[in-house]
Amino acid sequence: MTPSARVAAAIIILDHILEGQAAEAALIRWARASRFAGSGDRAAVRDLVFDALRRLRSRAALGGVLSGRGLLLGMCREEGIEPASLFTGDRYAPSALSDAEHQAGHTSTPDEALDLPDWLIPLWRQALGPDATPVALAMRDRAPAWLRVNQRRTDPDTAAAALAEQGVATAPHPELPTALRITDGARRLATCSAYREGLVELQDLSPQMACALLPARGSLLDFCAGGGGKALALAAQGAGPVTVHDIDAGRMTDLPTRAERAGVHLRLTAPGKVTGRFDTVLADVPCSGSGTWRRSPDAKWRLTRDELTQLAALQSRILTQAAGFVADGGQLAYMTCSVLSCENDEQVQGFLNENPQFERILVRHFSPLSASDGFYLALMRRR
Ligand SMILES: C[S@@+](CC[C@H](N)C(=O)[O-])C[C@H]1O[C@@H](n2cnc3c(N)ncnc32)[C@H](O)[C@@H]1O
Numbered sequence: 000m001t002p003s004a005r006v007a008a009a010i011i012i013l014d015h016i017l018e019g020q021a022a023e024a025a026l027i028r029w030a031r032a033s034r035f036a037g038s039g040d041r042a043a044v045r046d047l048v049f050d051a052l053r054r055l056r057s058r059a060a061l062g063g064v065l066s067g068r069g070l071l072l073g074m075c076r077e078e079g080i081e082p083a084s085l086f087t088g089d090r091y092a093p094s095a096l097s098d099a100e101h102q103a104g105h106t107s108t109p110d111e112a113l114d115l116p117d118w119l120i121p122l123w124r125q126a127l128g129p130d131a132t133p134v135a136l137a138m139r140d141r142a143p144a145w146l147r148v149n150q151r152r153t154d155p156d157t158a159a160a161a162l163a164e165q166g167v168a169t170a171p172h173p174e175l176p177t178a179l180r181i182t183d184g185a186r187r188l189a190t191c192s193a194y195r196e197g198l199v200e201l202q203d204l205s206p207q208m209a210c211a212l213l214p215a216r217g218s219l220l221d222f223c224a225g226g227g228g229k230a231l232a233l234a235a236q237g238a239g240p241v242t243v244h245d246i247d248a249g250r251m252t253d254l255p256t257r258a259e260r261a262g263v264h265l266r267l268t269a270p271g272k273v274t275g276r277f278d279t280v281l282a283d284v285p286c287s288g289s290g291t292w293r294r295s296p297d298a299k300w301r302l303t304r305d306e307l308t309q310l311a312a313l314q315s316r317i318l319t320q321a322a323g324f325v326a327d328g329g330q331l332a333y334m335t336c337s338v339l340s341c342e343n344d345e346q347v348q349g350f351l352n353e354n355p356q357f358e359r360i361l362v363r364h365f366s367p368l369s370a371s372d373g374f375y376l377a378l379m380r381r382r
């Protein structure tokens with residue numbers, strides 16, 4: 000595909016997303032209908048679409064209209080590309096710009112430049128204070144890819160060498176050497192034996208840093224285990240036995256295979272069937288995902304105030320439920336991949352007010368300025 004044809008494809012896909020289709024579904028639909036597109040084309044179109052979603056407001060402002068065409072025109076103006084070089088009107092290319100399109104568009108206002116929904120900006124500022132603008136701006140860029148070295152199976156140097164041999168270059172984090180940032184060859188990872196054999200797992204730096212702060216021994220319950228990213232990390236770190244639970248058992252379907260590949264043992268529990276008390280209980284609750292909007296930027300525009308209110312109520316219920324499984328003297332870890340106070344500090348403070356038998360022992364706010372994705376950890380102890 001020519002660069003113009005890729006832009007034309009991105010315009011169509013973005014229009015479907017703006018009509019309400021999920022980004023991944025819209026990309027899959029286009030790929031199925033476009034067998035002529037090779038893997039390089041698909042990756043390039045995906046990048047155009049996701050870059051536009053990360054910068055939806057500012058690019059629509061520059062392009063003069065919130066539409067696929069407006070967003071791609073906004074991209075040209077932002078990146079200093081002559082629009083006529085892509086909007087050529089040739090076969091497979093977007094039609095040439097009209098006079099109205101030439102005239103339309105303005106430089107973003109300060110709020111538009113944050114690329115956040117209007118209703119959320121006050122909450123964002125309240126949560127992040129002086130970091131509000133730099134964190135919002137960081138969310139407009141692509142996220143780096145991080146790997147967690149599985150300490151059960153290998154060490155960071157051996158893992159990095161095995162990856163490099165198969166074309167994936169990495170750099171260790173200076174304070175957490177088991178976290179490797181992919182510096183080149185990310186798209187080759189899926190074919191690497193080190194990845195396929197469980198020597199490394201894809202996991203962002205921020206949750207890795209949060210897990211490294213949890214107790215590395217004793218019984219552990221991951222109450223909202225989902226795909227099991229945290230449970231696998233904690234089991235590899237030395238916690239055990241590790242029990243995993245999720246209200247939706249289907250979310251844990253792949254966990255036995257992942258655990259076997261990683262060389263760790265997890266005890267699966269059916270929904271609502273957890274019994275006993277644990278040294279550590281992890282509540283990695285459902286959240287807005289506001290810390291991960293670089294990776295799933297369409298979620299940034301789909302979130303509503305009502306959904307956020309409902310999520311906060313659910314988080315509060317789960318935290319109270321999970322607390323019931325903490326042994327005397329044991330620890331309760333509350334985590335979200337959000338940066339919003341209503342899902343983080345306010346949630347934990349509300350819980351502590353109602354549950355004086357727990358005390359807060361550690362709180363960490365991770366962001367692209369200090370780590371990678373926005374992420375929150377509060378560690379509490381049952382007295
Ligand atoms: C943020 S995800 C967990 C991600 C997972 N810990 C990981 O590291 O991959 C939240 C999970 O909470 C589960 N969940 C939602 N409501 C729940 C509840 N009432 N009790 C337990 N799990 C719940 C969801 O099904 C979802 O899998």
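Per numbering that gives the first Met the number 0, residue 0 is the first one in the sequence shown, and the count goes up by one each step. For each residue, glycine too, the CB sits at the ideal point set by N, CA and C. Owing to the predicted nature of the structure, the values given are computational and were not obtained by experimental measurement.
Which residues mark the beginning and the end of the beta strand (DSSP E) in which residue i is found?
i	result
Tyr-375	374 to 381
Phe-357	357 to 365
Val-280	277 to 283
Leu-267	265 to 267
Arg-147	145 to 148
Leu-220	219 to 221
Arg-180	178 to 183
Once the 5 residues before and after residue i are set aside, which same chain residues still bring their CB inside 6 Å of it?
i	result
Ala-131	Trp-123 and Arg-124
Leu-188	Val-167 and Tyr-194
Cys-341	Ala-311
Arg-53	Arg-139 and Pro-296
Asp-114	Arg-54, Arg-56, Ser-57 and Arg-139
Gly-104	Leu-61, Gly-62 and Gly-63
Gly-88	Ser-94 and Ala-95
Gln-20	none
Arg-260	Gly-197
So residue i is in the alpha helix (DSSP H); what residue range does that whole segment cover?
i	result
Asp-110	109 to 113
Val-44	38 to 53
Asp-344	344 to 353
Pro-155	155 to 164
Arg-195	192 to 195
His-105	Neither: His-105 is in no alpha helix (DSSP H) and is coded neither H nor E.
Thr-443	No information on residue 443 is available, as it lies outside the stretch 0 to 382 that the chain covers here.
Pro-255	254 to 261
Helix, strand or coil for residue i? Go by DSSP, reduced to three states.
i	result
Leu-339	coil
Gln-236	helix
Glu-200	strand
Val-273	coil
Met-74	helix
Pro-171	strand
Gln-125	helix
Val-6	helix
Gln-20	coil
Thr-242	strand
Gly-79	coil
Pro-69	According to the sequence as given, residue 69 is Gly; it is not Pro. Gly-69 falls in the helix class under three-state DSSP.
Met-0	coil
Gly-249	helix
Leu-85	coil
Leu-231	helix
Ala-332	strand
Ser-57	helix
Gly-62	helix
Pro-93	coil
Using a Cβ-Cβ cutoff of less than 8 Å, which residues in the same chain neighbour residue i once the five nearest sequence positions on both sides are dropped?
i	result
Ile-27	none
Leu-85	Pro-2, Ser-3, Val-6, Leu-71, Cys-75, Ala-92 and Pro-93
Ser-107	Arg-56, Ser-57, Ala-60 and Leu-61
Gly-290	Ser-205, Thr-335, Cys-336, Ser-337, Val-338, Phe-365, Ser-366, Asp-372, Gly-373, Phe-374 and Tyr-375
Arg-294	Ala-142 and Asp-372
Arg-381	Ala-322, Val-325, Ala-326, Asp-327, Gly-328, Gly-329, Gln-330, Leu-331, Gln-356 and Phe-357
Leu-313	Val-284 and Pro-285
Ala-83	Ala-95 and Leu-96
Phe-49	Ala-22, Arg-141 and Pro-296
Take residue i and list the residues in its own chain whose beta-carbon comes closer than 7 Å to its own, dropping the five residues that flank it on each side.
i	result
Ala-232	Arg-147, Gln-202, Gln-207 and Cys-210
Ser-218	Pro-240, Phe-277 and Asp-278
Leu-126	Reading the sequence as shown, one finds Ala at residue 126 and not Leu. The answer, listed in chain order, is Val-338, Leu-339 and Ser-340.
Gly-69	Ala-59, Gly-62 and Gly-63
Gly-184	Gly-166, Val-167 and Ala-168
Ile-10	Gly-67, Arg-68, Leu-71 and Pro-93
Any C-beta of chain B sitting closer than 8 Å to the C-beta of residue i?
i	result
Gln-202	Included in the structure is just one protein chain, with no chain B present.
Does the beta carbon of residue i fall short of 7 Å from some heavy atom of ligand 3?
i	result
Asp-253	For ligand 3, the structure offers nothing, since it holds only ligand 1.
- Task: Any chance you could list the alpha helix (DSSP H) runs of at least 4 consecutive residues sitting entirely within the segment 285 to 327, in chain order?
- Result: 296 to 301 and 304 to 322
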